[in-house]
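The sequence shown begins at 23 in my numbering and counts up by one. Heads up, the thing below is written out as C-alpha coordinates.
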Amino acid sequence: MIRSLGDLHPQIAATAFVDETAQVIGDVVIGEHASIWMHAVLRGDVCSIRIGDYTNIQDNCVLHVEEDIYSLTLEDHVTVGHGVLLHGCHIEPRCLIGMGAILLNNCRIGTGSIIAAGSIVPEHTVIPPRSMVTGVPGTVRRTITDADLARIDDGLKAYFRLKERYLAEQRRARHVALRQPVGPRGGT
23 MIRSLGDLHP QIAATAFVDE TAQVIGDVVI GEHASIWMHA VLRGDVCSIR
73 IGDYTNIQDN CVLHVEEDIY SLTLEDHVTV GHGVLLHGCH IEPRCLIGMG
123 AILLNNCRIG TGSIIAAGSI VPEHTVIPPR SMVTGVPGTV RRTITDADLA
173 RIDDGLKAYF RLKERYLAEQ RRARHVALRQ PVGPRGGT
(Lines of atoms letter the chains of each structure in order from A and count residues from 1; the text may use other names and numbers.)
(Lines give C-alpha, C1' and ligand atoms only; values in the text may rest on other atoms or scores of the structure.)
Protein backbone atom coordinates (compact mmCIF):
# COMPACT_ATOMS: atom_id res chain seq x y z
CA MET A 1 0.00 0.00 0.00
CA ILE A 2 1.29 3.41 -0.93
CA ARG A 3 -0.16 6.24 1.10
CA SER A 4 0.30 9.86 1.99
CA LEU A 5 0.31 11.18 5.52
CA GLY A 6 -0.96 14.74 5.64
CA ASP A 7 1.29 16.76 3.33
CA LEU A 8 3.85 13.95 3.06
CA HIS A 9 3.52 12.08 -0.23
CA PRO A 10 5.59 9.14 -1.53
CA GLN A 11 7.37 9.73 -4.84
CA ILE A 12 8.07 6.56 -6.79
CA ALA A 13 9.96 6.37 -10.09
CA ALA A 14 7.97 4.88 -12.97
CA THR A 15 10.60 2.15 -13.41
CA ALA A 16 10.51 1.09 -9.74
CA PHE A 17 8.62 -1.93 -8.41
CA VAL A 18 6.67 -1.79 -5.15
CA ASP A 19 4.91 -5.03 -4.23
CA GLU A 20 1.24 -4.64 -3.34
CA THR A 21 1.88 -6.00 0.18
CA ALA A 22 4.59 -3.43 0.95
CA GLN A 23 3.78 -0.32 3.00
CA VAL A 24 5.25 2.96 1.71
CA ILE A 25 4.10 5.86 3.87
CA GLY A 26 4.79 9.60 3.85
CA ASP A 27 8.04 11.30 2.85
CA VAL A 28 9.58 8.45 0.85
CA VAL A 29 11.38 8.83 -2.49
CA ILE A 30 12.10 5.64 -4.45
CA GLY A 31 14.59 5.87 -7.31
CA GLU A 32 14.75 4.44 -10.81
CA HIS A 33 14.69 0.63 -11.07
CA ALA A 34 14.53 0.23 -7.29
CA SER A 35 12.45 -2.64 -5.90
CA ILE A 36 10.49 -2.92 -2.68
CA TRP A 37 9.47 -6.51 -1.97
CA MET A 38 6.79 -8.37 -0.05
CA HIS A 39 5.74 -6.96 3.34
CA ALA A 40 8.53 -4.37 3.49
CA VAL A 41 7.60 -1.27 5.50
CA LEU A 42 9.04 2.17 4.65
CA ARG A 43 7.68 4.69 7.17
CA GLY A 44 8.63 8.22 6.26
CA ASP A 45 6.15 9.62 8.74
CA VAL A 46 8.39 11.80 10.92
CA CYS A 47 11.48 12.29 8.71
CA SER A 48 12.48 11.44 5.12
CA ILE A 49 13.48 8.15 3.52
CA ARG A 50 15.44 8.15 0.25
CA ILE A 51 15.96 4.96 -1.78
CA GLY A 52 18.52 5.20 -4.58
CA ASP A 53 18.46 3.84 -8.11
CA TYR A 54 18.75 0.05 -8.53
CA THR A 55 18.46 -0.48 -4.77
CA ASN A 56 16.43 -3.47 -3.56
CA ILE A 57 14.63 -3.77 -0.23
CA GLN A 58 13.74 -7.42 0.25
CA ASP A 59 10.87 -9.14 2.07
CA ASN A 60 9.90 -8.15 5.62
CA CYS A 61 12.34 -5.26 6.00
CA VAL A 62 11.46 -2.31 8.24
CA LEU A 63 12.83 1.15 7.41
CA HIS A 64 12.07 3.98 9.81
CA VAL A 65 13.47 7.31 10.99
CA GLU A 66 13.95 9.43 14.12
CA GLU A 67 11.58 12.38 14.32
CA ASP A 68 13.17 15.49 12.78
CA ILE A 69 16.66 14.19 13.63
CA TYR A 70 17.76 11.16 11.61
CA SER A 71 16.50 10.61 8.09
CA LEU A 72 17.27 7.38 6.25
CA THR A 73 19.23 7.30 2.98
CA LEU A 74 20.15 4.32 0.86
CA GLU A 75 22.23 5.46 -2.08
CA ASP A 76 22.33 3.71 -5.48
CA HIS A 77 23.00 -0.01 -5.92
CA VAL A 78 22.30 -1.18 -2.37
CA THR A 79 20.94 -4.63 -1.50
CA VAL A 80 18.99 -4.94 1.75
CA GLY A 81 18.41 -8.62 2.62
CA HIS A 82 15.28 -10.21 4.04
CA GLY A 83 14.16 -9.07 7.48
CA VAL A 84 16.59 -6.17 7.91
CA LEU A 85 15.80 -3.28 10.28
CA LEU A 86 17.19 0.11 9.24
CA HIS A 87 16.59 3.09 11.51
CA GLY A 88 17.75 6.61 10.71
CA CYS A 89 21.00 5.58 9.00
CA HIS A 90 22.93 6.29 5.78
CA ILE A 91 24.17 3.56 3.43
CA GLU A 92 26.53 4.54 0.63
CA PRO A 93 26.52 2.91 -2.86
CA ARG A 94 27.19 -0.72 -3.69
CA CYS A 95 26.62 -2.15 -0.21
CA LEU A 96 25.06 -5.44 0.87
CA ILE A 97 23.14 -5.55 4.14
CA GLY A 98 22.70 -9.22 5.13
CA MET A 99 19.49 -10.86 6.27
CA GLY A 100 18.28 -9.91 9.73
CA ALA A 101 20.88 -7.18 10.27
CA ILE A 102 19.99 -4.14 12.38
CA LEU A 103 21.46 -0.69 11.69
CA LEU A 104 20.65 2.00 14.23
CA ASN A 105 20.37 5.80 14.25
CA ASN A 106 23.09 7.89 12.67
CA CYS A 107 25.31 5.03 11.58
CA ARG A 108 26.96 5.37 8.19
CA ILE A 109 28.06 2.46 6.01
CA GLY A 110 30.87 3.22 3.56
CA THR A 111 30.76 2.42 -0.16
CA GLY A 112 31.23 -1.21 -1.13
CA SER A 113 30.74 -2.66 2.35
CA ILE A 114 29.01 -5.82 3.52
CA ILE A 115 27.13 -6.05 6.81
CA ALA A 116 26.84 -9.77 7.59
CA ALA A 117 23.52 -11.44 8.36
CA GLY A 118 22.38 -10.92 11.94
CA SER A 119 24.89 -8.17 12.70
CA ILE A 120 23.93 -5.11 14.73
CA VAL A 121 25.56 -1.77 13.90
CA PRO A 122 25.15 0.55 16.93
CA GLU A 123 24.13 4.20 16.84
CA HIS A 124 26.68 6.75 15.59
CA THR A 125 28.98 4.07 14.11
CA VAL A 126 30.92 4.96 10.95
CA ILE A 127 31.99 1.99 8.82
CA PRO A 128 34.82 2.74 6.36
CA PRO A 129 34.41 1.90 2.65
CA ARG A 130 34.99 -1.71 1.58
CA SER A 131 34.53 -3.17 5.05
CA MET A 132 33.21 -6.60 6.06
CA VAL A 133 31.24 -6.16 9.30
CA THR A 134 30.05 -9.04 11.47
CA GLY A 135 28.77 -9.63 14.97
CA VAL A 136 27.00 -7.93 17.84
CA PRO A 137 28.07 -5.23 18.06
CA GLY A 138 29.13 -5.09 14.42
CA THR A 139 32.89 -4.97 14.04
CA VAL A 140 35.02 -4.53 10.91
CA ARG A 141 36.67 -7.93 10.32
CA ARG A 142 38.44 -7.40 7.02
CA THR A 143 38.62 -5.42 3.78
CA ILE A 144 36.22 -6.32 0.98
CA THR A 145 37.87 -8.06 -1.97
CA ASP A 146 37.13 -7.59 -5.65
CA ALA A 147 35.41 -11.00 -5.53
CA ASP A 148 33.13 -9.71 -2.76
CA LEU A 149 32.25 -6.66 -4.87
CA ALA A 150 31.49 -8.94 -7.81
CA ARG A 151 29.11 -10.90 -5.56
CA ILE A 152 27.35 -7.66 -4.57
CA ASP A 153 27.01 -6.76 -8.26
CA ASP A 154 25.66 -10.23 -9.12
CA GLY A 155 22.97 -9.87 -6.46
CA LEU A 156 22.00 -6.44 -7.76
CA LYS A 157 21.69 -7.80 -11.31
CA ALA A 158 19.59 -10.75 -10.11
CA TYR A 159 17.16 -8.46 -8.29
CA PHE A 160 16.98 -6.14 -11.32
CA ARG A 161 15.97 -9.10 -13.51
CA LEU A 162 13.44 -10.28 -10.92
CA LYS A 163 11.98 -6.77 -10.67
CA GLU A 164 11.56 -6.69 -14.46
CA ARG A 165 9.68 -10.03 -14.36
CA TYR A 166 7.33 -8.76 -11.68
CA LEU A 167 6.67 -5.49 -13.52
CA ALA A 168 5.93 -7.41 -16.72
CA GLU A 169 3.48 -9.61 -14.83
CA GLN A 170 1.78 -6.54 -13.33
CA ARG A 171 1.37 -5.05 -16.81
CA ARG A 172 0.01 -8.33 -18.16
CA ALA A 173 -2.47 -8.66 -15.28
CA ARG A 174 -3.70 -5.08 -15.79
CA HIS A 175 -4.12 -5.72 -19.52
CA VAL A 176 -6.14 -8.89 -18.86
CA ALA A 177 -8.28 -7.10 -16.24
CA LEU A 178 -9.05 -4.30 -18.71
CA ARG A 179 -10.28 -6.84 -21.25
CA GLN A 180 -12.68 -8.56 -18.82
CA PRO A 181 -16.37 -7.77 -19.30
CA VAL A 182 -17.91 -5.45 -16.73
CA GLY A 183 -21.28 -6.19 -15.18
CA PRO A 184 -23.47 -9.29 -15.28
CA ARG A 185 -22.94 -11.80 -18.02
CA GLY A 186 -25.66 -12.66 -20.47
CA GLY A 187 -27.95 -15.17 -18.92
CA THR A 188 -31.01 -17.21 -19.07
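Heads up, the beta-carbon is just placed ideally off N, CA and C, and yes, glycines get one too.
8 Å Cβ cutoff met for residue i and residue j
| i | j | result |
| --- | --- | --- |
| I71 | L94 | yes |
| P115 | D90 | no |
| V158 | S135 | no |
| V143 | L126 | yes |
| C117 | E88 | no |
| G110 | N128 | yes |
| G103 | A139 | yes |
| L96 | R65 | no |
| T161 | R152 | no |
Nearest neighbour of residue i, chosen from the options [CA to CA]
| i | options | result |
| --- | --- | --- |
| T133 | H55, P159, D175 | D175 |
| I73 | I34, G103, P144 | I34 |
| A123 | I79, T165, R164 | I79 |
| Y76 | G105, E42, D49, A38 | A38 |
| G120 | M154, R183, A180 | M154 |
| E145 | V50, Y92, G177, Q192 | Y92 |
N- and C-terminal bounds of the beta strand (DSSP E) containing residue i
| i | result |
| --- | --- |
| I166 | Looking at the DSSP string, I166 is not in any beta strand (DSSP E), and its letter there is neither H nor E. |
| L27 | Counting along the chain, L27 falls outside any beta strand (DSSP E), and DSSP gives it neither H nor E. |
| V158 | Careful: V158 lies outside any beta strand (DSSP E) and carries neither H nor E. |
Those residues which DSSP pairs with residue i across a bridge
| i | result |
| --- | --- |
| L64 | V46, L85 |
- Message: What ranges does the alpha helix (DSSP H) occupy inside the region 79 to 149, keeping only unbroken runs of at least 4 residues that lie completely in it?
- Response: none
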